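Each residue of the sequence shown is one higher than the one before, starting from 2 at the first, in this note's numbering. Heads up, the beta-carbon is just placed ideally off N, CA and C, and yes, glycines get one too. Every value quoted in this text rests on a predicted model; they were computed, and no experiment measured them. In what follows, a single structure is set out as C-alpha coordinates and then discussed.
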Amino acid sequence: QKSATGNDRAACHDLDLSCHRSVRDFAKTIEGRYPDVYALVCNAGVWIPMDKGVTTVDGYEIHFAVNHLGHFLLVRCLREHLNRSGAKSARGEPSRIVIVSSGLMKQGKLDMEKRDFVREGRKKEEEERPEDAADSGREKGKKKKGRGS
(Lines of atoms letter the chains of each structure in order from A and count residues from 1; the text may use other names and numbers.)
(Lines give C-alpha, C1' and ligand atoms only; values in the text may rest on other atoms or scores of the structure.)
Protein backbone atom coordinates (compact mmCIF):
# COMPACT_ATOMS: atom_id res chain seq x y z
CA GLN A 1 0.00 0.00 0.00
CA LYS A 2 2.92 2.34 0.56
CA SER A 3 3.55 2.73 -3.16
CA ALA A 4 0.01 4.04 -3.64
CA THR A 5 -0.23 6.24 -0.56
CA GLY A 6 3.29 6.98 0.62
CA ASN A 7 2.22 5.63 4.01
CA ASP A 8 3.44 2.20 5.08
CA ARG A 9 0.67 2.04 7.68
CA ALA A 10 -2.13 2.25 5.12
CA ALA A 11 -3.91 -1.02 4.40
CA CYS A 12 -6.72 -2.17 2.18
CA HIS A 13 -9.21 -4.91 3.05
CA ASP A 14 -12.21 -6.29 1.18
CA LEU A 15 -15.63 -5.24 2.46
CA ASP A 16 -18.99 -5.56 0.73
CA LEU A 17 -21.52 -3.72 2.89
CA SER A 18 -24.38 -5.37 1.00
CA CYS A 19 -23.38 -8.82 2.29
CA HIS A 20 -23.62 -9.67 5.98
CA ARG A 21 -21.01 -12.43 5.69
CA SER A 22 -18.54 -9.97 4.14
CA VAL A 23 -19.14 -7.48 6.96
CA ARG A 24 -18.59 -10.14 9.62
CA ASP A 25 -15.45 -11.43 7.87
CA PHE A 26 -14.10 -7.88 7.59
CA ALA A 27 -14.70 -7.27 11.31
CA LYS A 28 -12.86 -10.49 12.20
CA THR A 29 -9.95 -9.48 9.97
CA ILE A 30 -9.73 -6.07 11.64
CA GLU A 31 -9.89 -7.55 15.14
CA GLY A 32 -7.23 -10.13 14.29
CA ARG A 33 -4.84 -7.82 12.49
CA TYR A 34 -5.13 -4.61 14.51
CA PRO A 35 -4.97 -4.95 18.31
CA ASP A 36 -6.05 -1.34 18.78
CA VAL A 37 -8.60 0.56 16.71
CA TYR A 38 -9.40 4.08 17.87
CA ALA A 39 -11.79 5.19 15.14
CA LEU A 40 -14.31 3.69 12.75
CA VAL A 41 -15.59 5.96 9.97
CA CYS A 42 -18.70 4.77 8.14
CA ASN A 43 -18.66 6.75 4.92
CA ALA A 44 -20.00 4.43 2.24
CA GLY A 45 -23.22 4.64 0.34
CA VAL A 46 -24.88 3.42 -2.79
CA TRP A 47 -27.56 4.95 -4.94
CA ILE A 48 -29.18 3.03 -7.76
CA PRO A 49 -32.39 4.13 -9.51
CA MET A 50 -35.35 2.54 -7.75
CA ASP A 51 -36.80 1.10 -10.94
CA LYS A 52 -33.82 -1.31 -11.10
CA GLY A 53 -35.23 -3.28 -8.13
CA VAL A 54 -31.81 -4.41 -6.90
CA THR A 55 -31.65 -6.69 -3.87
CA THR A 56 -28.68 -8.15 -2.03
CA VAL A 57 -27.59 -11.77 -1.58
CA ASP A 58 -29.23 -11.54 1.85
CA GLY A 59 -32.51 -10.50 0.24
CA TYR A 60 -32.63 -6.84 1.26
CA GLU A 61 -33.30 -3.81 -0.88
CA ILE A 62 -29.84 -2.56 -1.92
CA HIS A 63 -30.04 0.99 -0.53
CA PHE A 64 -31.26 -0.09 2.88
CA ALA A 65 -28.74 -2.94 3.03
CA VAL A 66 -25.63 -0.94 2.13
CA ASN A 67 -26.45 2.46 3.56
CA HIS A 68 -27.97 1.32 6.84
CA LEU A 69 -27.80 -2.39 7.68
CA GLY A 70 -24.18 -2.78 6.57
CA HIS A 71 -22.96 0.07 8.74
CA PHE A 72 -25.11 -1.02 11.67
CA LEU A 73 -23.74 -4.56 11.52
CA LEU A 74 -20.15 -3.33 11.16
CA VAL A 75 -20.48 -1.11 14.23
CA ARG A 76 -22.07 -3.95 16.21
CA CYS A 77 -19.32 -6.38 15.20
CA LEU A 78 -16.49 -3.98 16.11
CA ARG A 79 -18.04 -2.23 19.10
CA GLU A 80 -16.37 -4.31 21.81
CA HIS A 81 -13.01 -4.14 20.04
CA LEU A 82 -13.34 -0.35 19.84
CA ASN A 83 -14.32 -0.17 23.51
CA ARG A 84 -11.31 -2.25 24.58
CA SER A 85 -8.99 -0.15 22.41
CA GLY A 86 -10.31 3.09 23.84
CA ALA A 87 -9.89 1.85 27.40
CA LYS A 88 -6.18 1.25 26.66
CA SER A 89 -5.56 4.56 24.93
CA ALA A 90 -2.78 6.79 26.27
CA ARG A 91 -5.23 9.54 27.16
CA GLY A 92 -7.97 7.20 28.33
CA GLU A 93 -10.34 8.50 25.66
CA PRO A 94 -12.95 6.21 24.13
CA SER A 95 -12.63 5.14 20.52
CA ARG A 96 -14.82 7.02 18.08
CA ILE A 97 -17.47 5.93 15.61
CA VAL A 98 -18.18 8.48 12.91
CA ILE A 99 -21.18 8.06 10.62
CA VAL A 100 -21.15 10.36 7.61
CA SER A 101 -24.20 11.44 5.64
CA SER A 102 -25.11 14.26 3.30
CA GLY A 103 -27.77 16.88 2.79
CA LEU A 104 -29.43 14.65 0.20
CA MET A 105 -31.31 12.98 3.03
CA LYS A 106 -33.67 15.93 3.13
CA GLN A 107 -34.99 14.99 -0.30
CA GLY A 108 -35.90 11.41 0.59
CA LYS A 109 -39.39 10.15 1.37
CA LEU A 110 -40.23 6.97 3.20
CA ASP A 111 -43.68 5.38 3.35
CA MET A 112 -43.84 4.08 6.91
CA GLU A 113 -47.16 2.36 6.15
CA LYS A 114 -45.39 0.03 3.73
CA ARG A 115 -44.56 -2.98 5.86
CA ASP A 116 -41.69 -4.46 3.85
CA PHE A 117 -39.81 -1.57 2.24
CA VAL A 118 -36.68 -3.18 3.66
CA ARG A 119 -36.99 -6.04 1.17
CA GLU A 120 -39.14 -4.54 -1.58
CA GLY A 121 -37.74 -1.04 -1.76
CA ARG A 122 -39.78 2.06 -2.52
CA LYS A 123 -41.56 3.55 -5.48
CA LYS A 124 -39.43 5.75 -7.72
CA GLU A 125 -41.04 8.92 -6.35
CA GLU A 126 -40.10 7.83 -2.81
CA GLU A 127 -36.41 7.53 -3.69
CA GLU A 128 -34.02 8.07 -0.86
CA ARG A 129 -30.45 9.09 -1.41
CA PRO A 130 -27.64 7.01 0.14
CA GLU A 131 -27.31 8.99 3.30
CA ASP A 132 -30.98 9.79 3.96
CA ALA A 133 -31.87 8.17 7.24
CA ALA A 134 -28.28 8.13 8.42
CA ASP A 135 -28.64 11.70 9.66
CA SER A 136 -30.48 10.33 12.66
CA GLY A 137 -27.07 8.90 13.58
CA ARG A 138 -25.85 12.41 14.24
CA GLU A 139 -28.43 12.91 16.93
CA LYS A 140 -27.75 9.49 18.46
CA GLY A 141 -24.03 10.24 18.42
CA LYS A 142 -24.57 13.46 20.33
CA LYS A 143 -26.54 11.57 22.98
CA LYS A 144 -23.89 8.86 23.36
CA LYS A 145 -20.95 11.24 23.46
CA GLY A 146 -18.64 10.29 26.26
CA ARG A 147 -20.30 6.97 27.04
CA GLY A 148 -17.76 4.88 25.15
CA SER A 149 -20.32 2.51 23.67
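Determine the DSSP secondary structure at Gly-93, reduced to helix, strand or coil.
Within the sequence shown, residue 93 is the residue found at index 92, counting from 1. Gly-93: coil per DSSP, three-state reduction.
Got a sec? Which residues, its chain only, sit under 7 Å from Ser-90 by beta carbon, not counting five neighbours each side?
The count along the sequence shown starts at 1 and reaches residue 90 at position 89. Residues of the same chain with a CB within less than 7 Å of the CB of Ser-90, apart from the 5 flanking positions on each side, are Tyr-39 in chain order.
In or out: Thr-6 buried (at least 16 other Cβ within 10 Å) or exposed?
As a working mapping, residue 6 is identified with position 5 in the sequence shown. Exposed, since its Cβ has fewer than 16 Cβ neighbours within 10 Å.
Less than 8 Å separating the beta-carbons of Val-24 and Leu-75?
Here residue 24 refers to the residue found at position 23 when the sequence shown is read from its first residue. Here residue 75 refers to the residue found at position 74 when the sequence shown is read from its first residue. Contact flag set, yes.
Contacts around Asn-44, its chain only, beta-carbon distance under 6 Å, and the 5 residues preceding and following it disregarded
In the sequence shown, residue 44 corresponds to position 43, counting from 1. Excluding positions up to five away in sequence, the list reads Val-101.
Should Glu-81 go down as buried or exposed, given a rule of 16 or more other Cβ atoms within 10 Å for buried?
For the purposes of this step, residue 81 is taken as the residue at position 80 of the sequence shown. So Glu-81 ends up on the exposed side.
Between which residues of its own chain and Glu-94 is the CB-CB distance below 7 Å, once the five residues before and five after are set aside?
Taking the sequence shown and counting its residues from 1, the one referred to as residue 94 is at position 93. Only Gly-87 meet the Cβ criterion.
Compare the beta carbon distance of Cys-20 and Val-58 with 8 Å and say whether it is the shorter of the two.
Reading the sequence shown from its first residue, position 19 is the one you call residue 20. Reading the sequence shown from its first residue, position 57 is the one you call residue 58. With respect to the 8 Å criterion, Cys-20 and Val-58 are classified as neighbours on the basis of their beta carbons.
Please classify Ala-40: does DSSP put it in a helix, a strand, or coil?
Position 39 of the sequence shown, counted from the start, is the residue given in the question as residue 40. Look at Ala-40 here: in three-state DSSP terms it is strand.
Could you tell me the alpha carbon to alpha carbon distance between Arg-92 and Gly-54, rounded to whole angstroms?
Position 91 of the sequence shown, counted from the first residue, corresponds to residue 92. Position 53 of the sequence shown, counted from the first residue, corresponds to residue 54. Looking at the two C-alpha atoms, the distance is approximately 48 Å.
Rounded straight-line distance, which links the Cα of Phe-27 to that of Glu-154:
Limits of the chain in this structure are 2 at one end and 150 at the other, which puts residue 154 out of reach.
Taking C-beta to C-beta, are Leu-79 and Ile-31 nearer than 8 Å?
Looking up residue 79 in the sequence shown gives position 78. Looking up residue 31 in the sequence shown gives position 30. It is a contact, given that the beta carbons lie within the stated cut-off.
State the start and end residues of the unbroken alpha helix (DSSP H) segment that holds Thr-30.
Taking the sequence shown and counting its residues from 1, the one referred to as residue 30 is at position 29. Note, Thr-30: alpha helix (DSSP H), 21-34.
Selection from Glu-114, His-72 and Tyr-35 that minimises the alpha carbon distance to Ala-99
Within the sequence shown, residue 99 is the residue found at index 98, counting from 1. One point to set straight first is that residue 99 is Val, not Ala, in the sequence displayed. By alpha-carbon distance to Val-99, the top candidate from Glu-114, His-72 and Tyr-35 is His-72.
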